[in-house]
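Taking it in order: structure first as structure tokens, then the write-up.
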Amino acid sequence: MEQGQYGATNYDDPDGKYNLHFTQQSVRAAFVRKVFTLVTIMFAITAAFCVVPMVSEPFRDWAFNNFWVYIIAIVVFLVVSIALSCCGNLRRTFPTNIILLTIFTLSAATMTMFITACYNVQSVLICLCITTVCSASVIVFSLKTKSDLTSKMGIAFMLSMVLFSFGIFALIFTLAFNWQFLYSIYSGLAALLMMFYLAIDIQLLMGGRKYELSPEDYIFAAMEIFLDILNIFLMLLNIFGRGR
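Here my numbering is used: the first residue of the sequence shown is -16, the next is one more, and so on.
And the structure:
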């Protein structure tokens, strides 16, 4: 018996299984740190963008009169999202993946800035607090539960299709009959579904389940977790937000 790296006791291991497990755990831990660091930076940028229309009325007026910027941000956001989701080489090749993630973050931040500019500061802060509590609770649950949520991705997909159909129904009736409560119901269900997706993505990130993300997919993991939490916030804003 000899003293292993970092003070860990390294028992005789002729097959190298101990060292292999130690290496895998180290790689996974570094992967998790990298992903959460990226997510933190992405939300910091988004928050900085959203603060601008809250404190600057001239900028808020400019945003209302230049809606085309919001449209461009949506287009860029969708294109980059699809590229990062569908093209493994793009999201795994440095520095292309970082450049694309930066563009993705800036476009998402711009979209969120235009959306939050339509609501008063109190509404935005309340929804931010609720989102923080909900997201933290979901993350803790996904880490503590013995249930393998990664095997429930098929259920999540079916629920998404049902919600999409209900969303179309709600949109039609809201526009035709001004049934705003349907839109609120849709937003509430969407927020719950995004929490389910967040729990799945956290388990995919942490590993040790039926399915797990490769450490090479840190860009994809950061993007997914960022979108889950951002969508929870936006859905809650639809429910509790108050216009200016």
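Glycine included, each C-beta is placed from N, C-alpha and C at the ideal position. The structure displayed is predicted, hence computed values, not measured ones.
query = Could you give the distance in angstroms between the alpha-carbon of asparagine 161 and the alpha-carbon of serine 167?
reply = Per the coordinates, the alpha-carbon of asparagine 161 lies some 12 angstroms from the alpha-carbon of serine 167.
key: Among Phe14, Leu210, Thr29 and Tyr194, nearest to threonine 99 - alpha-carbon criterion   = Ranking Phe14, Leu210, Thr29 and Tyr194 by Cα distance to threonine 99 puts Thr29 first.
message = Using CA atoms only, rank isn't needed, just tell me which of Phe140, Phe14 and Leu165 is closest to isoleucine 151.
response = A check of alpha carbon separations from isoleucine 151 across Phe140, Phe14 and Leu165 identifies Leu165 as the nearest.
request  = Could you pull out every unbroken alpha helix (DSSP H) segment of at least 4 residues lying fully inside the segment 74 to 109, listed in chain order?
outcome  = Listed in chain order, the complete alpha helix (DSSP H) runs (minimum 4 residues) inside the segment 74 to 109 are 79 to 99.
ask   = Under three-state DSSP, which class holds tyrosine 194?
value = It is coil, neither helix nor strand.
request  = Confirm, please, whether the CB-CB distance from leucine 67 to phenylalanine 87 is below 9 angstroms.
outcome  = Against a cut-off of 9 angstroms, the Cβ pair of leucine 67 and phenylalanine 87 comes out as a contact.
inquiry  = Starting from glutamate 207, trace the alpha helix (DSSP H) in both directions and tell me its first and last residue.
reply    = Note, glutamate 207: alpha helix (DSSP H), 201 to 223.
key: C-alpha gap between lysine 0 and glycine 190, whole angstroms   = For lysine 0, the pLDDT reaches just 46, beneath the cut-off of 50, and the residue's location in the model is therefore unreliable, leaving the point undetermined.
query = What span of residues does the alpha helix (DSSP H) with tryptophan 231 cover, start to end?
reply = Any property of residue 231 remains undetermined from this structure, which presents the chain solely from -16 to 227.
inquiry  = Going by C-alpha to C-alpha distance, which of Leu83, Met37, Tyr53 and Leu176 sits closest to phenylalanine 140?
reply    = Put simply, of Leu83, Met37, Tyr53 and Leu176 the residue whose alpha carbon is nearest the alpha carbon of phenylalanine 140 is Leu176.
message = What residue range does the alpha helix (DSSP H) around leucine 188 cover?
response = Residues 163 to 189.
Whole-angstrom distance between glutamine 105 and leucine 95, CA atom to CA atom = In the sequence on display, residue 95 carries threonine and not leucine. Distance between the alpha carbons of threonine 95 and glutamine 105 is about 16 angstroms.
key: alpha helix (DSSP H) segment containing serine 143, residue limits   = Serine 143: member of the alpha helix (DSSP H) spanning 136 to 160, first to last residue.
query = Alpha carbon to alpha carbon, how far is leucine 219 from glycine 171?
reply = For leucine 219 and glycine 171, the distance between alpha carbons rounds to 7 angstroms.
ask   = How about alanine 27 and alanine 56: are their beta carbons less than 9 angstroms apart?
value = In this structure, alanine 56 does not lie closer than 9 angstroms to alanine 27 by Cβ.
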